[in-house]
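*Asks:* If you read the protein sequences in the order shown, they are chains A and B. First residue of the first sequence: 1, per my numbering; consecutive thereafter. First residue of the second sequence: 1001, per my numbering; consecutive thereafter.
Protein chains: 2
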Amino acid sequence: MSLTVVGSIAFDSVSTPFGERDRMLGGSAVHFALAASFFTSVRVVGPVGEDFGDDEIAVLESRGVRTGDIERVPGGQTFFWRGHYEHDLNVAHTDDTQLNVFGDFEPKLSGDSRGADMLFLGNIQPELQRGVRAQCDAGMVALDSMNLWIETARDSLVEAIAEIDCLMLNDAELRMLTEEPNLARASRAAMEMGPSVVVAKRGEYGAALFTADGSFAIPGYPLEDVLDPTGAGDSFAGGFLGYLDSVGAVAGETADPHLRRGMAYGSVMASFNVEGFGTERVQRLREDEIDDRLREFKRLTHFDERPVEIPNPR
Amino acid sequence: MSLTVVGSIAFDSVSTPFGERDRMLGGSAVHFALAASFFTSVRVVGPVGEDFGDDEIAVLESRGVRTGDIERVPGGQTFFWRGHYEHDLNVAHTDDTQLNVFGDFEPKLSGDSRGADMLFLGNIQPELQRGVRAQCDAGMVALDSMNLWIETARDSLVEAIAEIDCLMLNDAELRMLTEEPNLARASRAAMEMGPSVVVAKRGEYGAALFTADGSFAIPGYPLEDVLDPTGAGDSFAGGFLGYLDSVGAVAGETADPHLRRGMAYGSVMASFNVEGFGTERVQRLREDEIDDRLREFKRLTHFDERPVEIPNPR
C-alpha cells in the first residue's frame, strides 16, 4: 500500500505561551507525511526553495518518507508562515504568510506518486488540488481546505470536493461551506457534494465522522502539556489515512470498524504532534508509544452500558 | 436511594432560530429533577411565587418528583429568565433576569430532604449553596456554578467548593475559576480546592471527567434537530447524579465504571433535553428511549484497538 500527499512544505515561525521557534520545518504535507509514515509508505509532492536543505530532507527520509517528488525551485524561497497562539490554543493568529515557490507551483507527479493507493490533498489552492487529483487514480482521495478558500475560491473548491471521496475540515469550516449551523446536517450537505466520508475536526474537542451509514464521534485525547498545536489537523489526517491505507481501504468499501480505528489513530497522532513544537515530538516518536496511547485512549473513552454487571460499591 | 436538588425554579422565555416560547417551566432544579427522576427518587428545594400553579407542580409530580420542599412565597413572583440563541446554539444571550422570590430565599430543608443520599447544589448564589449544604449530610454532594459567581462572589464560591465532592462546570468556567487555560490542569487545580471529582461540561462537544485516578472523556451525542439548549447542562447533571444515586454512589468510593456510565447517561439526558423547548421533550420521554439511545451512543463512540481481528475489505 502507498500514500501520496500534496500540500505545503514550509518553514514556520511560531510563538505560543510556552515558547517560540524560528523557521522550523512545517507545512501540511510535512506534518501529514511524518504521521502517516508510522503506518504506510508515503510520498510527498510539493515545491521548496533553495533555502530548503539536506537537514530538512533528512527529517522526512529518516522516517522512510519518499522525497523524490519534492521539487527544488532554483532561486526560490520555501513557503513561510509566521503565527502565534494566545492562551486559547484553539485559535491560530497568522502574522505573515509568504507563498514564495507555491505561487507558481504546477504539480507534476512521478509515476510512483500517480500509482499510489491513496491520495491526500492537503490545504492548498483548490485548483492545485484538482490538478493533482487529475493525475492520480487512487482508490481513496481525501481533501483538506480552509476558510480562506471557502471565501475566495468557493466554486473551485466545490468542484474539487465533487471529485474526492473523503472531506476533512474543521467543524467551523464545514458549517461555513454548507451554510448549515448544525454539524450533522452540515456533514450530510457536504456528502451531497460528492464525498462518501466527511470528517469534522474539532481541535481539542476531538473529531466526528459521517458516512451514509451513520456517524462516529471521538473526544480529543486529554493532555496536560500542549506546547504548539500547529500541524495537529494534518497529523490527525496522517494517522487516519495512513492507518486506512495500511489496511487497503477503498472509498465506499471500507468497513466501519476500520474508519473508527482510523479516527482513533488520527487523534493519537495529533496528540503527539501538539506535545512539541513543529515536528519535534513526532520526530522522536516510537511505534510502541502509539500503541500504548491508543490503548490508553480506548480506556479513557469507553463505557459499559450494562449496569447489572458491576457490583455496587456500597 | 434519594437525591435532593436545590436550584432555580423558573419561568423561561426563550427564542432560538427554530422557534420561541413564552414563560415556560424551567430553572436548573426543574431540568435536573426531571432528568434524575428516570433513575432515582428526587426532592426539589426552592422558592416560587404565586404565579407558579398546579400545572407546573403537576409536571414534576407526574414524574414522581417530591415537591413538598417547594416554598410558595405569598405575594411573590417566580424567578424569570428571558434569553435567545443565534445560529451558534452554544452561546446563550441573556435579555432579562428577574430574581424575584430568589432575592430573599432562605433555604430550609425538611427532614426528608436533609436525609437524602445525594445532594445537587444547582447554579444559585454560593452562600445559598453553602446554607443548603450545611443542612444535608449526603454521601455525595455536587455543585454547579457560573461565570457570574466566579466574577462577583469568588471567595464565597471557593468556600462552597471546598465543602463538596463533585464540581460540575463548563470548561470555560473551570478555566476562569482556576486561571489555568489547559483543561486537564484546570481540573487538577479545582480538585486541589476540595472535590474528588471534577466534571467539565463542553456543550455540544460533550464532557470530561477527572478524578485522582485519571480521566474520562465523551463526545456530545450528535443530533440533527436541536431546538433549544436551555437546561442541557442541568439535564446532564440530572442523568449523571441520578444514575450514580441509583447505584448507591458515595464520594471517594465509587467505582470508575459507574462514573463513566453516569457520564454517558448524563449525555443522553442532555441530548433529549435539547430536542424540544424547555422541558417539552423530557416530559414525554420513555425509559426505553433512554436505554436505546445509550446503546446507540456506545455504538457511535466506541472503537476496537486490535487491527488483526477485522478482515481486510480489499
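Backbone N, C-alpha and C fix where the C-beta goes; we use that ideal spot for every residue, glycine too. No experiment lies behind these values; they were computed from the predicted model shown.
Out of L157/A, F80/A, A33/A, M1/A, point me to the one whose CA is closest to V14/A's CA.
*Replies:* As a working mapping, residue 14/A is identified with position 14 in the first sequence. That would be F80/A, whose Cα lies nearest to the Cα of V14/A.
*Asks:* Please confirm if S215/A has its CB atom under 8 Å from at least one CB of chain B.
*Replies:* Position 215 of the first sequence, counting from 1, holds the residue named residue 215/A. Yes, S215/A lies at the interface with chain B (some Cβ there is under 8 Å from its Cβ).
*Asks:* Using beta carbons (cut-off 8 Å, strictly below), is N1182/B in contact with chain A?
*Replies:* The residue you call residue 1182/B lines up with position 182 of the second sequence. Interface residue, yes.
*Asks:* For C1166/B, which residues does DSSP report across the bridge?
*Replies:* Within the second sequence, the letter at position 166 stands for residue 1166/B. According to DSSP, C1166/B bridges with A1142/B, V1197/B.
*Asks:* Would you mind telling me which residues of chain B sit closer than 8 Å to T67/A, beta carbon to beta carbon, in chain order?
*Replies:* Working through the first sequence from its first residue, we reach residue 67/A at position 67. Those within 8 Å of T67/A in chain B number zero; the least Cβ separation is about 27 Å.
*Asks:* Under a CB-based cut-off of 8 Å, is E1305/B close to chain A?
*Replies:* Residue mapping note: residue 1305/B aligns to position 305 of the second sequence, counting from 1. So, interface residue.
*Asks:* Quick check: the Cα distance between E275/A and G1131/B, rounded to an integer number of angstroms?
*Replies:* Residue 275/A sits at position 275 when you count from the first residue of the first sequence. Residue 1131/B sits at position 131 when you count from the first residue of the second sequence. The straight-line gap from Cα to Cα measures roughly 44 Å.
*Asks:* Could you check the C-alpha separation between F1032/B and A1207/B for me, to the nearest Å?
*Replies:* By 1-based counting over the second sequence, the position of residue 1032/B is 32. By 1-based counting over the second sequence, the position of residue 1207/B is 207. F1032/B and A1207/B: Cα-Cα distance of roughly 17 Å.
*Asks:* Alpha carbon to alpha carbon, what distance is there between R261/A and F297/A?
*Replies:* Taking the first residue of the first sequence as 1, we reach residue 297/A at position 297. Taking the first residue of the first sequence as 1, we reach residue 261/A at position 261. Each residue's Cα considered, the two are about 11 Å apart.
*Asks:* By the criterion of Cβ-Cβ separation under 9 Å, what are the contact partners of M1263/B in chain A?
*Replies:* Within the second sequence, residue 1263/B is the residue found at index 263, counting from 1. By Cβ distance, chain A contributes F303.
*Asks:* Any C-beta of chain A sitting closer than 8 Å to the C-beta of G1238/B?
*Replies:* Along the second sequence, read from residue 1 onward, the residue named residue 1238/B stands at position 238. With 8 Å as the cut-off, G1238/B does not count as an interface residue toward chain A.
*Asks:* Is DSSP giving N312/A helix, strand or coil here?
*Replies:* For the purposes of this step, residue 312/A is taken as residue 312 along the first sequence, with counting starting at 1. For N312/A, the predicted model reports a pLDDT of 40, less than 50, meaning its position is unreliable and no value from the coordinates is stated.
*Asks:* Does the beta-carbon distance from V1044/B to V1005/B come in below 8 Å?
*Replies:* Position 44 of the second sequence holds residue 1044/B. Position 5 of the second sequence holds residue 1005/B. For V1044/B and V1005/B, yes; Cβs fall inside 8 Å.
*Asks:* So G206/A contacts chain B; which residues on that side make the cut at Cβ distance below 9 Å?
*Replies:* Along the first sequence, read from residue 1 onward, the residue named residue 206/A stands at position 206. Simply Y1205, G1206, A1217, P1219.
*Asks:* Note down, in chain order, every chain B residue with its Cβ under 8 Å from the Cβ of V226/A.
*Replies:* As a first step, residue 226/A is located in the first sequence; it is residue number 226 there, counting from the start. Residues of chain B passing the Cβ test: N1182.
*Asks:* Whose CA, out of A142/A, S41/A, D155/A, R72/A, lies closest to the CA of V250/A?
*Replies:* Reading the first sequence from its first residue, position 250 is the one you call residue 250/A. When only C-alpha atoms are compared, the closest one is A142/A.
*Asks:* Listed from N- to C-terminal order along the chain, which residues in the segment 83-103 of chain A have their beta-carbon within a distance smaller than 8 Å of any beta-carbon of chain B?
*Replies:* Answer in chain order: H87, D88, L89.
*Asks:* How many Å lie between R1082/B and D1022/B at the Cα?
*Replies:* One-based indexing of the second sequence puts residue 1082/B at position 82. One-based indexing of the second sequence puts residue 1022/B at position 22. So the two alpha carbons sit approximately 9 Å from each other.
*Asks:* Taking Cβ positions, are L316/A and S41/A nearer each other than 8 Å?
*Replies:* The first residue shown for chain A is 1 and the last is 314, placing residue 316/A beyond what the model contains.
*Asks:* Who are the Cβ neighbours of G1122/B in its own chain at under 7 Å, not counting the five residues just before and after it?
*Replies:* Along the second sequence, read from residue 1 onward, the residue named residue 1122/B stands at position 122. Shown here for G1122/B: same chain residues with a beta carbon closer than 7 Å to its own, the five before and five after excluded, namely V1005, V1006, G1007, S1008, S1028, A1029, F1032, D1144, D1234 in chain order.
*Asks:* For A1092/B, report the span of its beta strand (DSSP E) as first-last.
*Replies:* Numbered from its first residue, the second sequence carries residue 1092/B at position 92. For A1092/B, the enclosing beta strand (DSSP E) stretches over residues 1092-1098.
*Asks:* So, are the CB atoms of F52/A and R72/A less than 8 Å apart?
*Replies:* Translated into the one-based positions of the first sequence, residue 52/A becomes position 52. Translated into the one-based positions of the first sequence, residue 72/A becomes position 72. Their beta carbons are under 8 Å apart, which means F52/A touches R72/A by this criterion.
*Asks:* Count the CB pairs spanning the segment 1199-1217 of chain B and the segment 195-205 of chain A that are closer than 8 Å, and state whether there are at least three.
*Replies:* yes
*Asks:* Please classify N1066/B as buried or exposed, where buried requires at least 16 neighbouring CB atoms within 10 angstroms.
*Replies:* Position 66 of the second sequence, counting from 1, holds the residue named residue 1066/B. The sequence given here has Arg at residue 1066/B, not Asn. So R1066/B counts as buried.
*Asks:* With a threshold of 16 other CB atoms inside 10 Å of the CB of T254/A, please say whether the residue is buried or exposed.
*Replies:* Translated into the one-based positions of the first sequence, residue 254/A becomes position 254. Under this definition T254/A is a buried residue.
*Asks:* Given a threshold of 16 other Cβ atoms within 10 Å of its Cβ, counted over all protein chains shown, does A186/A qualify as buried or as exposed?
*Replies:* Translated into the one-based positions of the first sequence, residue 186/A becomes position 186. Its Cβ being crowded by 16 or more others within 10 Å, A186/A is buried.
*Asks:* Quick check: the segment 272-289 of chain A against the segment 221-228 of chain A, are at least 3 beta-carbon pairs closer than 8 Å?
*Replies:* yes
*Asks:* Would you check if there are 3 or more beta carbon pairs closer than 8 Å linking the segment 103-111 of chain A to the segment 87-95 of chain A?
*Replies:* no
*Asks:* Is G1083/B helix, strand or coil by DSSP?
*Replies:* What you label residue 1083/B is simply residue 83 of the second sequence in a count that begins at 1. G1083/B: strand per DSSP, three-state reduction.
*Asks:* Please check if any C-beta of chain B sits within less than 8 Å of the C-beta of R185/A.
*Replies:* Numbered from 1 along the first sequence, position 185 holds the residue referred to as residue 185/A. Chain B, which has a Cβ nearer than 8 Å to the Cβ of R185/A, makes this yes.
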